[in-house]
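This note's numbering applies: residue 77 is where the first sequence begins, and numbers increase by one.
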Amino acid sequence: MADLQPVRGTHDLLPDDMRAHRHVSDTARGTAALHGFDEIATPIFEFTNVFARTLGDTSDVVTKEMYTFEDKGGDMLTLRPENTAGVCRAFISNGLAQHAPVKYFYSGPMFRHERPQKGRLRQFHQIGIELIGAAQPLADVEAIACGHAILTDLGVVDKTVLELNTLGDTDSRAAYREALVEYFQGHLDKLSTESKDRLTRNPMRILDSKDEGDRKIVADAPIFSDYLNTESVDFFAAVKSGLDALGIKYTLNPRLVRGLDYYCHTAFEFTTDALGAQSAVMAGGRYDGLIGMLGGQETPGVGWAAGIERLAMLSGATPTADRPIVIVPMGEAAEAQALALTRTLRNAGLRTEFAFSGNMKKRMKHANKVNAWAAIILGDEELSKGVAQVKTLDDGEQKEVAMANLSAALPLLRAGDRG
RNA sequence: GUGGCUGUAGUUCAGCUGGUUAGAAUGCCGGAUUGUGAUUCCGGAGGUCGUGGGUUCAAGCCCCAUCAGCCACCCCA
């Protein structure tokens with residue numbers, strides 16, 4: 077066992093992992109593009125303020141999970157724990173308000189100092205979309221529809237449930253919050269220690285508590301829907317009817333709240349029970365206050381993020397690498413010829429490798445080991461005749477093909493093999 | 001951050017109540033005569049038993065610490 081361990085909660089993506097990973101991000105990128113979301117990339121680190129200001133100083137992410145450090149110039153920087161704040165910062169920095177509404181897709185690493193578990197890493201990867209500058213409920217529907225389509229394309233949508241809730245607008249939320257605090261204050265002695273803490277930091281979180289004592293108290297707590305104003309109710313109704321129109325199923329979950337302060341109105345989460353305690357696969361919502369908090373002109377936005385590792389685990393699909401052709405030259409003259417041939421075949425778009433060491437047996441073995449679908453054998457005899465022996469490895473059949481015809485003939489020989 | 005389980009060859013694991021040179025499978029390397037792989041046969045390399053202390057005549061097995069993985073909580077993707 078090597079004594080050099082990777083940093084806790086980080087993972088190497090070896091080719092098999094990488095392919096599974098790419099399968100998720102490539103599929104998502106393609107489907108997002110189909111929905112009009114173009115890819116952007118923002119820096120992996122930002123000034124700490126970008127996150128501290130937007131995520132709120134009560135959230136767990138900010139208070140204990142960020143990788144924050146001072147750089148050599150004395151600036152406080154933070155490795156991004158999520159990408160929405162970065163995208164909104166970019167929106168402001170680049171004066172993109174003039175192009176609003178804009179639709180962006182992103183994919184990349186995020187960092188959170190949490191205790192690792194399966195499906196929960198310190199460096200993990202997310203895909204996500206942001207739709208900035210559209211205040212209409214249809215924008216929320218569009219964002220959810222895009223996410224739903226991606227889950228469908230990945231073949232995991234059946235393993236998930238779309239949970240939906242509204243957090244209302246600022247007024248509704250403030251009124252409800254006040255009522256909640258007042259209610260729980262009256263039951264302070266019976267609340268769990270954790271929930272007492274939540275009461276000051278994020279009272280709505282108490283609704284989600286797993287503590288039995290808490291649950292009893294929660295049962296009689298004020299209900300959010302009683303505090304929603306007409307605007308909030310109408311907005312939510314529009315989102316729901318949009319989803320209905322698209323045939324996207326959802327279940328209402330009044331307990332679905334958000335740890336991050338900037339969310340309002342629509343909150344949604346595609347959850348699964350296939351990943352243990354890590355049930356959230358794709359989560360998002362509306363964040364109308366975020367850009368204002370960052371110092372930009374008040375601009376509405378909606379989006380979601382999804383964990384690539386979790387999606388990859390859910391889908392279980394591990395695409396295999398394209399099988400190569402291996403050229404097996406015997407003798408110096410053949411090796412020179414083989415080099416030229418690799419180039420010809422590669423130019424023709426055929427994945428080609430060169431078995432350059434050992435006797436013929438070794439080279440054939442190599443071809444087998446790299447899972448080649450065909451070996452091209454080139455020796456003195458073949459050279460003198462201007463041909464090559466093409467052996468298809470699955471059926472063991474060998475055919476003589478004129479050198480000049482190789483790149484045209486190979487795809488036909490492979491037609492029977494679609495590995 | 002809190003609590004619990006686990007940690008033996010590249011990989012998956014075995015190793016009896018502590019007792020001589022720690023095993024298997026698979027993988028890897030080499031061989032079974034000349035230009036043919038994946039099957040078969042033979043041979044070989046590879047582990048300071050996560051790491052550091054301690055108890056003991058003696059520790060992979062016991063104790064402590066530490067690191068990592070996993071599970072639950074917390075939180076979240």
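A virtual CB, placed ideally from N, CA and C, is assigned to each residue, including glycine. Treat the numbers as computed from the prediction; the structure is a model and nothing was measured.
The alpha helix (DSSP H) with Ala173 in it runs from where to where? Within the first sequence, numbered from 1, the residue matching residue 173 stands at position 97. Element bounds for Ala173: n/a, residue is neither H nor E.
Skipping 5 residues on each side, what residues in its chain have a beta carbon closer than 6 Å to that of Asp287? The sequence position of residue 287 within the first sequence is 211, counting from 1. Closer than 6 Å at the Cβ level, and outside the excluded window around Asp287, lie Ser268.
Per DSSP, cross-strand counterpart(s) of Ala382: What you label residue 382 is simply residue 306 of the first sequence in a count that begins at 1. In the DSSP output, where bridge partners are listed per residue, Ala382 has Ile203 and Met358.
CB of Val404 within 8 Å of CB of Arg439, strictly: To locate residue 404, count along the first sequence from 1; it is residue 328. To locate residue 439, count along the first sequence from 1; it is residue 363. Yes, Cβ-Cβ distance for Val404 and Arg439 is below 8 Å.
With 16 other CB atoms within 10 Å as the buried threshold, where does Pro376 fall? What you label residue 376 is simply residue 300 of the first sequence in a count that begins at 1. That one is buried.
Spatially closest choice to Gly262 from Asp245, His97, Asn241 and Asp290, by CA coordinates: The count along the first sequence starts at 1 and reaches residue 262 at position 186. When only C-alpha atoms are compared, the closest one is Asp290.
Residue range of the unbroken beta strand (DSSP E) whose run includes Tyr143: As a position in the first sequence, residue 143 is number 67, starting the count at 1. Start and end: Tyr143 to Glu146.
CA-to-CA distance, Ala128 to Phe121, given in whole angstroms: The residue labelled residue 121 in the question sits at position 45 within the first sequence. The residue labelled residue 128 in the question sits at position 52 within the first sequence. In a straight line, the C-alpha of Phe121 is about 13 Å away from that of Ala128.
Which listed residue (Ala109, Asn423, Met436 and Thr418) has its alpha carbon closest to that of Phe430: To locate residue 430, count along the first sequence from 1; it is residue 354. Per the Cα distances, Thr418.
Is Lys467 helix, strand or coil when you go by DSSP? Working through the first sequence from its first residue, we reach residue 467 at position 391. Residue state, collapsed to three classes: strand.
In the DSSP assignment, what residue or residues form a beta bridge with Phe121? Numbered from its first residue, the first sequence carries residue 121 at position 45. In the DSSP output, where bridge partners are listed per residue, Phe121 has Leu155.
CB-CB length for Met358 against Leu227, believed under 8 Å: Residue numbering aside, residue 358 sits at position 282 when the first sequence is read from its first letter. Residue numbering aside, residue 227 sits at position 151 when the first sequence is read from its first letter. That belief holds up - the Cβ atoms of Met358 and Leu227 are roughly 7 Å apart, short of 8 Å.
Alpha carbon to alpha carbon, how far is Arg422 from Ala448? Give it in angstroms, no decimals. Your numbering for residue 448 matches position 372 in the first sequence. Your numbering for residue 422 matches position 346 in the first sequence. If I take the Cα positions, the gap works out to 15 Å.
Confirm, please, whether the CB-CB distance from Asp216 to Asn305 is below 8 Å. Here residue 305 refers to the residue found at position 229 when the first sequence is read from its first residue. Here residue 216 refers to the residue found at position 140 when the first sequence is read from its first residue. Not in contact: Asn305 and Asp216 (Cβ atoms no closer than 8 Å).
Rank Pro192, Phe300 and Ala211 by C-alpha distance to the C-alpha of Glu254 and give the top, closest one. On the first sequence, position 178 is the one that residue 254 refers to. Distance from the Cα of Glu254 is smallest, within the candidate group Pro192, Phe300 and Ala211, for Phe300.
Using only the alpha-carbon positions, how far apart do Val232 and Ile205 sit? Locating residue 232 in the first sequence gives position 156, counting from the first residue. Locating residue 205 in the first sequence gives position 129, counting from the first residue. In this structure, the CA atom of Val232 is about 18 Å from the CA atom of Ile205.
Simplified DSSP state of Arg490, which is helix, strand or coil: Sequence index remark: in the first sequence, residue 490 carries index 414 (1-based). The answer is helix: DSSP assigns Arg490 an H, G or I state.
Evaluate Ser317 with the Cβ neighbour count: other Cβ atoms within 10 Å of its Cβ, from every protein chain shown; 16 or more gives buried, anything less gives exposed. By 1-based counting over the first sequence, the position of residue 317 is 241. Per the 10 Å Cβ criterion, exposed.
Gly106 versus Asp234: straight-line alpha-carbon distance, rounded: Sequence index remark: in the first sequence, residue 106 carries index 30 (1-based). Sequence index remark: in the first sequence, residue 234 carries index 158 (1-based). Gly106 and Asp234 have their alpha carbons spaced roughly 20 Å apart.
Does DSSP classify Leu214 as helix, strand or coil? Here residue 214 refers to the residue found at position 138 of the first sequence. Three-state result, Leu214: helix.
Whose C-alpha, out of Ala397, Lys467, Ala166 and Leu454, is nearest the C-alpha of Met406? As a first step, residue 406 must be located in the first sequence, where it is residue number 330. Nearest C-alpha to Met406: Leu454.
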